[in-house]
Amino acid sequence: MSEPDYNGIDREGGYDVKKALLTGIYLVIATVSMSGCWSQLELNDRGFVQAVAIDKKEDGGFRLSTLFYKPSGSEQGSKSSSAMPYFTVVTEGETIFEATRDITLALGRKAQWSHMRVLLIGEEVVGGKGMSKELDYFIRDHEVRGVVSVMITAGKAGPYLKIKPIIENTFAQQLKTIGEQGHRFTAKTMQVSLTELHIRSLEQVPLSMVPYVRLDPLDKKKAGVSGLVVVDMKSGMRKAVIPSEQSRYVLMLNNQFESGILKIPCDSDGKRRKGASVAKESFEVVRSHTKINPIVHGDRVTLHISISVEGTIGELKCSSPISESGEGQFIVKVEQLLLREASETMEMLQKERIDVIDAGGRLYRKQLKTWKRLSPEWESRFAASDYRIRVKVKMMNSGVGAAVPLS
Amino acid sequence: MKTTTGEIRESNRMSKHLEDNRKKMEETFAGCGDIEFHPSSFGDNFEYKAVSVFCSTLIKDKTPTFMHDTLNDLFRKNVEEDLSPERVRQFFIKHGASTSISTMLTRYDQAVDCILNGYVVIWFDHWDTAIGYEAFQVAKREVGEPIGEPSVQGPREGTTERLADNIGMIRERLKTPRLKVEYLVAGSVSKTKIAYMYVDQAVKPATLEQFRSRLNGIDPYEVLETSYIEDWIEDSTYSPFPQYMYTERTDFAAASLLDGKIIVLVSNTPMILVCPALFVEFFATSEDYYTRTIFASLIRLLRVWAFIVALLLPSIYIALSTFHPELIPTVLLLAILDTREGIPFPAFFEALVMEIFFELLREAGIRLPRPVGSAVSIVGALVIGQAAIQAKIASPMMVIVVALTGIASFAIPHYNMGIALRVLRFPLMMVSSLLGGFGLMIGFLLTLVHLTSLNTLGEPYMSSLAPLKLRNMRDVFIRAPLSYFLKSPRNRHLHDPRRSNS
Amino acid sequence: MNDKKSILIYQMAVLLICSTMGSAIVYIPNPISYVAGNAAWISLAFAYAFGMLVLACVLFLHRAYDGRGLLEMSRLLFGKTAAVLIAVLFILMLLFAIPAIVVGINSFFTTIMMKETPSFVFSFLTFFTVAFTVGKGLQVIARMFVLLLVMLIAVTLVILILAIPLYKVKYALPVMPNGVMPVLIGLFTSGGFPYGEIVFFTILLPFSSRHEEGSLSKNMYLSLSVTGIMLVLSSLCTLMVFGPATGIYKFSLYILASEIRVADIIERIESIIGIVLIIGSYMKATIYLFMLNQLFVQLLKLKNDRLLLTPLTGVCVLLSLTMFKGDSDFSQQVYVIWPLFVLTVGCLIVFTMTLLTFLRKGIKNDEDDNGRDPRIESDVQASGG
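Order-wise, the sequence lines are chains G, C and E.
If you count the first sequence from 1, you need to add 1 to reach my numbering.
If you count the second sequence from 1, you need to add 1 to reach my numbering.
If you count the third sequence from 1, you need to add 19 to reach my numbering.
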């Protein structure tokens with residue numbers, strides 16, 4: 002401590018500046034010489050992973066295909082626009098972690114997982130011993146963030162990464178946006194993140210729906226996301242595949258339907274309702290909300306499902322809901338369609354014994370004891386349960402045109 | 002000048018003989034070529050002698066006739082009577098040195114002082130007293146807009162190097178006897194006149210006491226500029242943060258006085274020292290009070306933002322790109338990656354080089370004459386920066402970061418706070434390059450501790466932020482409408498009766 | 020009154036928030052929901068009630084003994100030797116708490132952000148900053164922490180608000196599949212950490228300014244409510260996002276922040292919350308180190324406040340590097356053993372003192388009326404510093 006100086010002022014709050022300065026210099030020297038800059042790595046010494054595809058090898062190990070971003074500045078002279086800004090590294094290992102570490106051997110830069118967009122899992126990984134344990138590395142590692150999208154591919158996942166993207170930089174980005182926007186606008190698929198999968202695996206009914214990536218049947222060079230795969234996260238087994246048409250209604254039942262189109266056949270009383278040759282009108286759903294209430298009497302479970310939908314007219318072909326009665330008729334048509342489709346979907350779910358609508362979870366939260374009693378055989382109970390569906394449709398407007406079809 | 006024995010004092014007294022006086026003056030000013038001696042005679046037959054001594058470089062031009070004019074003025078009524086030294090003496094003794102610009106001098110040291118202050122000192126024969134008339138005139142700078150503090154709206158009156166003029170300009174704004182001015186003189190060779198002003202009942206008495214007790218003892222030292230006083234009385238010489246403010250604007254000085262501050266003026270320099278200055282006041286300019294509330298508040302917020310950017314932006318960039326790339330949004334990251342590919346230097350080194358280069362440019366720009374200055378800065382910044390990017394020595398991202406930082410530090414209205422930022426930026430960059438986000442956090446915390454423990458003239462430096470006084474926040478990040486300010490003391494920073502020392 | 024050591028009432032209240040919420044906000048509700056699942060927030064609500072009780076006792080003692088510190092009070096109640104024993108017990112508790120807080124900071128950085136850096140770097144630098152801050156005195160600490168706390172609360176609230184699209188209310192329903200026991204265990208854990216640590220404030224309360232209008236008690240209750248609300252709110256919100264996975268993700272609030280994605284621009288903001296949360300822990304460590312220092316100063320009747328600061332910090336640094344064998348050891352000690360110790364030793368001592376004082380006050384009421392009030396005499400300034 003220094004004494005007040007020549008002016009009687011207690012400067013520097015009582016510190017002896019010379020001593021403090023010397024101490025500071027020692028500290029700086031010590032810190033600089035001590036710090037081996039452990040966590041420090043230049044941006045360009047890292048390889049940024051855009052996507053990862055996991056496949057199983059024949060002998061039980063894993064084959065990892067990692068899609069990296071290639072910075073364009075590395076080309077000397079003019080940048081050739083035909084060069085792809087990405088490349089793939091394939092590694093193998095007995096565990097996934099081992100395979101990831103071997104990437105550095107192939108690439109020379111440390112893989113940076115934090116900007117990964119999509120995690121592709123090959124079909125056979127899911128069908129075999131299970132998926133959730135394999136994902137453990139990704140959940141546990143601090144670099145991989147929980148928001149990365151997970152998708153299951155038809156066939157092996159590795160080749161999908163080689164597909165050329167249409168607009169985006171990489172195919173991975175394209176898949177991710179397909180998942181997002183597809184969910185939002187068509188509801189024919191959805192997006193699920195790693196965190197969500199993890200949470201689902203801890204729930205009472207550990208079933209999760211994962212988007213399904215398939216090659217375009219018309220053009221093998223393209224691929225898209227359609228449909229959903231239902232996976233039991235606890236055992237990691239694949240349970241069923243829901244085609245894209247039906248996915249809409251599954252999502253609606255699960256309260257994950259954001260917006261989409263309902264196709265209403267003109268001849269709703271006739272026998273033929275499906276198929277492209279039947280004239281159909283469309284109703285654009287803007288909002289939908291579903292409530293599922295499981296009611297248990299003894300051993301019988303009844304699911305009371307009530308769906309309420311709000312939307313506008315998309316296309317008109319045969320109806321003219323311009324008058325009040327006309328509007329009423331149109332709404333009835335939509336409701337009937339919804340009722341039919343929802344019932345068919347429930348039938349399908351019960352046939353496959355998959356409780357993706359989480360009726361079990363709702364029961365667990367409502368009546369704990371009952372759930373404890375019923376849970377051991379929930380699959381069969383779900384398959385045998387009754388259901389009552391109520392639908393309510395509200396029409397907001399008829400679009401810009403009047404509510405009559407163009408003649 | 003400190004005469005201790007009566008003997009010396011006695012020899013300081015003038016003699017009745019003109020020749021002795023004249024000889025003494027010639028001895029004292031031997032070698033001073035600009036001191037002139039003009040003998041003259043008066044009386045009916047011009048039998049009486051007088052001599053006027055003055056420093057020709059300090060006084061008005063018409064001095065050779067001064068003697069005549071003086072005597073003419075004096076004796077206009079008695080022109081027909083006999084002029085004799087006795088009469089002169091009688092006149093002056095009876096009337097006294099009645100005009101404000103003349104004094105009667107009895108000692109040599111007084112005469113020397115007066116001559117050096119621009120007086121004409123006239124000795125008459127047979128009289129041991131000399132008369133001094135003020136005739137000071139030295140070319141001075143015109144009152145103009147202060148260069149460092151321009152404004153769009155508001156007065157453009159800046160201080161000059163004349164102490165009296167400056168005090169006068171401030172007096173003109175606060176016409177109250179409560180505005181006190183106290184003078185002191187410092188230095189045995191420079192004899193600089195220092196003045197400090199405050200408004201009674203606006204200034205906090207404890208602060209005034211502190212200030213006075215600290216200013217004590219500066220008398221023997223040569224004070225050439227206001228910053229000497231700042232160094233003398235400040236609480237922490239080694240802190241990068243300035244504890245007092247400077248201004249050249251008289252309206253700012255007047256406003257500060259109303260706020261209860263003490264201002265110090267030193268002759269021969271236009272810089273006014275405003276003490277004490279709180280950290281939050283460095284973000285305010287006088288123009289804030291002349292523009293409308295909403296705009297002024299937004300500009301204040303902009304300045305606070307500029308402060309943060311100027312201090313932290315390079316460090317954040319280094320920390321994020323080397324330690325935590327997962328925290329950069331993907332699209333931005335890919336853009337940075339593209340530009341950084343092929344750069345030979347690590348991010349910290351690159352940042353350091355660019356920052357130092359920018360500082361060099363700044364320093365050079367200050368010293369260049371005006372017509373050349375702007376061209377060189379344009380050349381330096383644009384051409385060399387562009388060339389560096391093309392040669393792949395620097396990445397465009399880094400150039401943007403450095404440029405933004407530089408611009409932000411210019412947005413701080415007070416120059417000495419801007420210097421603080423420039424100084425502090427480098428240790429923060431170093432610490433963030435060693436330990437990333439954690440290092441930056443430690444650096445930030447240490448700076449904050451230092452700031453909070455700093456005192457300025459006994460007040461906590463971060464007053465109204467820490468200790469938090471919500472009532473005073475109306476002038477910190479926003480500027481509340483003037484109806485809150487119209488009564489003195491404004492802001493109540495220093496004059497809150499509820500305050501304890503926390 | 021205006022001496023160098025006293026702080027204003029609202030500053031004391033702010034210090035209370037810092038020391039209860041400071042490090043808790045980083046971890047809650049992970050350890051609680053690990054046992055109590057969805058009912059974690061109920062445990063925390065009850066723990067808050069318990070905290071109010073402890074605070075009431077501490078404030079009662081403060082008023083009854085007219086602002087004396089722990090040492091003085093125990094000397095008066097139990098005699099000199101017992102007082103020394105109590106002081107030693109509190110010193111031991113603080114010597115555990117301070118390194119534990121810093122080890123928490125270390126583990127945050129080595130898990131989340133900078134895996135490769137060895138722990139001692141974080142320990143050393145953090146303690147350096149903490150000691151530096153303590154050396155500046157309580158007033159500087161109080162002033163600074165008001166600012167930091169405002170920042171902490173603001174950032175936390177922003178995160179909780181931005182996460183609104185992620186909330187699924189169904190996860191917040193307190194389903195208790197294993198009965199009430201887990202909730203009680205959760206209550207036990209959170210009763211010890213952080214609410215039980217309010218007993219340390221008996222050391223700090225003497226520093227509040229005496230001659231100030233406004234009620235200390237009211238402000239302290241208010242600030243504890245702020246902590247209570249923040250902790251319950253953050254645990255509720257985390258539960259609503261992660262559901263059954265809440266007990267698995269360490270550093271709940273940080274992971275919550277990493278899930279936020281609003282309008283494509285606001286993403287990856289977990290860096291800010293990370294730094295801010297760590298600042299909370301730093302604040303708590305500073306306050307506790309100050310208390311530890313004060314205990315020694317009062318015990319050994321030292322003239323120079325800063326004499327033992329460096330040795331104490333050195334001891335804490337070494338403890339932080341050696342005390343815990345690993346992650347699970349840390350969890351065990353901090354979430355099981357520490358609450359036990361705080362509740363049985365700290366809280367019990369304070370409760371006993373409260374009870375005795377209450378009884379004595381009732382009996383001795385008339386003896387004080389003859390003008391000589393032994394409680395207000397001399398020595399008051401000495402304990403206040």
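For each residue, glycine too, the CB sits at the ideal point set by N, CA and C.
query: CA nearest to the CA of L19/C, picked from C33/C, S42/C, G32/C and A31/C; result: S42/C
query: Any chain G beta carbon closer than 8 Å to S57/C; result: no
query: Limits of the alpha helix (DSSP H) - the one that E342/G falls within; result: E325 to E353
query: Any chain C beta carbon closer than 8 Å to Y273/E; result: no
query: Beta-carbon neighbours of F151/E, restricted to chain C and to distances below 7 Å; result: L447 and V450
query: C-alpha gap between F137/C and V122/C, whole angstroms; result: 12 Å
query: CB contact check: G262/E to chain G, cutoff 8 Å; result: yes
query: Alpha-carbon to alpha-carbon, F139/G and L195/G; result: 8 Å
query: Residues, ordered as in the chain, of the region 174-192 of chain C that lie near chain G by beta-carbon distance below 7 Å; result: none
query: Cα-Cα separation between L168/E and R426/C, rounded to whole angstroms; result: 25 Å
query: Proximal residues of chain G, C-beta to C-beta of R94/E below 9 Å; result: Within 9 Å Cβ-Cβ: nothing; R94/E doesn't reach chain G, min ~30 Å.
query: Three-way DSSP call (helix, strand, coil) for T303/G in this model; result: strand
query: Opposing strand residues paired with I263/C [DSSP bridges]; result: C276/C
query: Residue burial classification, Y29/E (beta-carbon count within 10 angstroms, cutoff 16); result: buried
query: Exposure label - V275/C; buried when at least 16 CB within 10 Å; result: buried
query: Start-to-end residues for the beta strand (DSSP E) that takes in P295/G; result: K281 to H298
query: I160/E (DSSP reduced to helix, strand or coil); result: helix
query: Length at least 3, wholly inside the region 284-363 of chain C: the beta strand (DSSP E) runs in chain order; result: none
query: Whole-angstrom distance between L447/C and L296/E, CA atom to CA atom; result: 17 Å
query: Proximal residues to K78/C (C-beta, below 8 Å), its chain only, five neighbours per side dropped; result: Note that K78/C scores 49 on pLDDT, short of 50, meaning its location in the model is unreliable; the coordinates nonetheless yield the value given after this. Correct list: empty, nothing qualifies.
query: 8 Å Cβ cutoff met for Q41/G and Y87/G; result: no
query: DSSP state of D233/G mapped onto helix, strand, coil; result: strand
query: Limits of the unbroken beta strand (DSSP E) element including Q113/G; result: K111 to Q113
query: Which listed residue (E216/E, K322/E, V316/E and L375/E) has its alpha carbon closest to that of I117/E; result: E216/E
query: CB contact below 8 Å: I36/E versus chain G; result: no
query: 4-residue-minimum alpha helix (DSSP H) runs that sit fully inside the region 38-124 of chain E, ordered along the chain; result: 43-46, 49-55, 59-83 and 89-97
query: Neighbouring residues, chain G, relative to S142/E (Cβ below 9 Å); result: None at all; the shortest Cβ gap to chain G is about 13 Å.
query: E144/G: contacting residues in chain C (beta-carbon distance under 9 Å); result: E327
query: CB contact flag (V103/E, F220/E, <8 Å); result: no
query: Endpoints, beta strand (DSSP E) assigned at A187/C; result: L180 to A187
query: Contact under 8 Å by Cβ, P326/C with A352/C; result: no
query: Simplified DSSP state of E311/G, which is helix, strand or coil; result: strand
query: Proximity test, Cβ basis, 8 Å: T291/G and chain E; result: no
query: Beta carbon proximity, K24/E to chain G, threshold 8 Å; result: no
query: Nonlocal neighbours in the same chain, by C-beta distance under 6 Å from N269/C, ignoring five residues either side; result: E162
query: Chain E contacts made by the region 107-122 of chain C, where a contact means CB separation under 7 Å; result: none
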